[in-house]
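Engineer: A single structure is presented below for examination.
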Amino acid sequence: MGELLFPLKNDLTRKIIHIDMDAFFASVEERDCPKLAQGPLVIARHPKDTGGRGVVTTANYLARQYGIHSAMSAQKAYELCPKAVFLPGNHEKYQKVSRQVRAIFARYTDLVEPVSIDEAYLDVTQNTIHAKSAIKVAKCIQHDIWHELHLTCSAGVSYNKFLAKLASDYEKPRGLTVVRPEEAVAFLKKLPIEKFYGVGKKTVPKMHELGIHTGADLYEKDEFFLIQQFGKMGYSLYRKVRGVHLSPVVTKRERKSVGKERTYATLLTTENDCLTQLRQLSEEVSEQLKKLERHGKIIVLKMRTSDFVTKTRRITLPKATYRKEDLFSAVSLLFEEQNQVEIGIRLLGVSVTGLDPITFEAIELPLWEPSFDSNEGR
Ligand SMILES: [Mg+2]
Numbered sequence: 001m002g003e004l005l006f007p008l009k010n011d012l013t014r015k016i017i018h019i020d021m022d023a024f025f026a027s028v029e030e031r032d033c034p035k036l037a038q039g040p041l042v043i044a045r046h047p048k049d050t051g052g053r054g055v056v057t058t059a060n061y062l063a064r065q066y067g068i069h070s071a072m073s074a075q076k077a078y079e080l081c082p083k084a085v086f087l088p089g090n091h092e093k094y095q096k097v098s099r100q101v102r103a104i105f106a107r108y109t110d111l112v113e114p115v116s117i118d119e120a121y122l123d124v125t126q127n128t129i130h131a132k133s134a135i136k137v138a139k140c141i142q143h144d145i146w147h148e149l150h151l152t153c154s155a156g157v158s159y160n161k162f163l164a165k166l167a168s169d170y171e172k173p174r175g176l177t178v179v180r181p182e183e184a185v186a187f188l189k190k191l192p193i194e195k196f197y198g199v200g201k202k203t204v205p206k207m208h209e210l211g212i213h214t215g216a217d218l219y220e221k222d223e224f225f226l227i228q229q230f231g232k233m234g235y236s237l238y239r240k241v242r243g244v245h246l247s248p249v250v251t252k253r254e255r256k257s258v259g260k261e262r263t264y265a266t267l268l269t270t271e272n273d274c275l276t277q278l279r280q281l282s283e284e285v286s287e288q289l290k291k292l293e294r295h296g297k298i299i300v301l302k303m304r305t306s307d308f309v310t311k312t313r314r315i316t317l318p319k320a321t322y323r324k325e326d327l328f329s330a331v332s333l334l335f336e337e338q339n340q341v342e343i344g345i346r347l348l349g350v351s352v353t354g355l356d357p358i359t360f361e362a363i364e365l366p367l368w369e370p371s372f373d374s375n376e377g378r
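For the sequence shown, the residue numbers in full-length UniProt numbering are 1 to 378.
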């Protein structure tokens, strides 16, 4: 091993769990319609209905035996197993179940970092049941998820996120894999390089070219060499293969709404000026939503008139959106209903509430047929 460029310090005191739901979307559908569990099930629209477009989001374990996996084209899945049942996903349902799963996590620790709809890291170094063993907490979570939601998950337990994630992937479904500090390096050395989280498809061929096929091969390379070849990733891989990954479990607070408002020193007195402002605000809100990867159904207009009366008006769209055109049409409609521009507008605001994560199915079609409700003041 060459000389170390940066100090190598580790932290073995944390207790981290990675939970990954087993074939999540497919399992939810099987739970709700047990007949589906008897054969291969693919969550994707049937390629016959889409002209061959569409992507597999989840395949149940029977479908996987045919080589079907998520991110494969639905057409390919159909070719591999024409008798498979194809079901379009019901994202609202999965979001709801995902929230129920998170509510179970929250019983044991506040430190939960959702990675996706069906995965999360939990730091259970401190936990509500005062368990010394993270294994016990993982078992409790698996038990609760099974008994309350009739779903299974796989858990990985270790002292950092990198190892916990690899561990949950090690045995599926219903796995519970523990990697203890003294086992970490041996565990990592055995892994094929493709399994190293963070080594992307583009990097794998370069690794192979350099003779790195497994964790053991990676372990042999010195730090300087890895940084030279892979930059920052090399720095991080040098550490990961030694069981060092200090990244903390970060709780992402869920944003409930996104909004922008502006106060006008000079009162706005024409409809045109107001609409121009609303268009601008809608665009800013839309940008913010895109950044946060959120969309919502409830669009809110706030306005304050020259007499300092503040009103909010809201409209609930049939489908969530983040698009500036949708936001602008909604608020301009609400604005025009008010018809108060003569007395002068002091403040305008646009916000979207009831936010959900934008998923891969994010809708692109215009969505009209709004339902109205409103509330006065604030
Ligand atoms: Mg999963």
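We treat Cβ as the ideally placed atom computed from N, Cα and C, and that holds for glycine. No experiment lies behind these values; they were computed from the predicted model shown.
How should A103 be labelled, buried or exposed, when 16 other C-beta atoms within 10 angstroms of its C-beta is the threshold for buried?
Structural biologist: Burial call: exposed.
Engineer: With distances taken between CB atoms, is the gap from H295 to T312 smaller than 8 Å?
Structural biologist: In this structure, T312 does not lie closer than 8 Å to H295 by Cβ.
Engineer: According to the neighbour-count rule (16 or more other Cβ atoms, all chains shown, within 10 Å of its Cβ), is V309 buried or exposed?
Structural biologist: The residue is exposed, with fewer than 16 neighbouring Cβ atoms inside 10 Å.
Engineer: Taking 8 Å as the threshold, find out whether the segment 49 to 60 comes into contact with the segment 22 to 31 through three or more Cβ pairs.
Structural biologist: Yes, they touch.
Engineer: Under the rule that 16 or more other beta-carbon atoms within 10 Å means buried, what is P34, buried or exposed?
Structural biologist: Its Cβ having fewer than 16 others within 10 Å, P34 is exposed.
Engineer: Alpha carbon to alpha carbon, how far is K290 from N272? Give it in angstroms, no decimals.
Structural biologist: So the alpha carbons of these two residues sit roughly 27 Å apart.
Engineer: Starting from the C-beta of H18, find all residues in its chain whose C-beta is less than 6 Å away, skip the five residues before and the five after it, and write them out in chain order.
Structural biologist: Excluding sequence neighbours, H18 sits near Y121, G156, A164, K165 and S168.
Engineer: Which residue comes first and which comes last in the alpha helix (DSSP H) that contains R14?
Structural biologist: Careful: R14 lies outside any alpha helix (DSSP H) and carries neither H nor E.
Engineer: Are I117 and Y94 close, meaning C-beta to C-beta below 8 Å?
Structural biologist: Contact: yes.
Engineer: In angstroms, rounded to a whole number, what distance separates the CA positions of G198 and V244?
Structural biologist: The straight-line gap from Cα to Cα measures roughly 14 Å.
Engineer: Which residues in the same chain as N160 place their Cβ atom closer than 8 Å to its Cβ, once the five residues preceding and following it in sequence are excluded?
Structural biologist: Result list for N160: D11, R14, I16, G243, V244, H245, L246 and S247, in chain order.
Engineer: Got a sec, what are the start and stop residues for the alpha helix (DSSP H) D32 sits in?
Structural biologist: It spans F24 to D32 - the alpha helix (DSSP H) in which D32 sits, taken as one unbroken run.
Engineer: Using 8 Å as the threshold, is the C-beta distance between S154 and P181 below it?
Structural biologist: It is not a contact, given that the beta carbons lie outside the stated cut-off.
Engineer: Among L317, E119, H130 and H91, which residue has its Cα nearest to the Cα of T109?
Structural biologist: When only C-alpha atoms are compared, the closest one is H130.
Engineer: Would you say D118 touches ligand 1, meaning its beta carbon is less than 7 Å from a heavy atom?
Structural biologist: Yes - ligand 1 has a heavy atom lying nearer than 7 Å to the Cβ of D118.
Engineer: What is the rounded straight-line gap between the Cα of D217 and the Cα of F187?
Structural biologist: Cα to Cα, D217 sits roughly 13 Å from F187.
Engineer: When you compare only the Cα positions, how much space is there between H208 and K190?
Structural biologist: Their backbone Cα atoms lie some 16 Å apart in a straight line.
Engineer: Run through the segment 163 to 224 for me and flag every whole alpha helix (DSSP H) of 4 or more residues, listed as ranges in chain order.
Structural biologist: Here the runs fully enclosed are 184 to 190, 203 to 209 and 215 to 220.
Engineer: Run the CB neighbour count on P7, radius 10 Å, all protein chains shown included, and call it buried at 16 or more, exposed below.
Structural biologist: With fewer than 16 Cβ atoms within 10 Å of its Cβ, P7 is classed as exposed.
Engineer: Under a Cβ-count criterion, where at least 16 other Cβ atoms within 10 Å of its own Cβ denotes burial, should T214 be classed as buried or exposed?
Structural biologist: It counts as buried.
Engineer: Per the DSSP calculation, C140 is bridged to which residue(s)?
Structural biologist: According to DSSP, which records beta bridges pairwise, C140 is partnered with nothing at all.
Engineer: Ligand 1 and M21: does the residue's C-beta get closer than 7 Å to at least one heavy atom of that ligand?
Structural biologist: M21: yes, Cβ under 7 Å from ligand 1.
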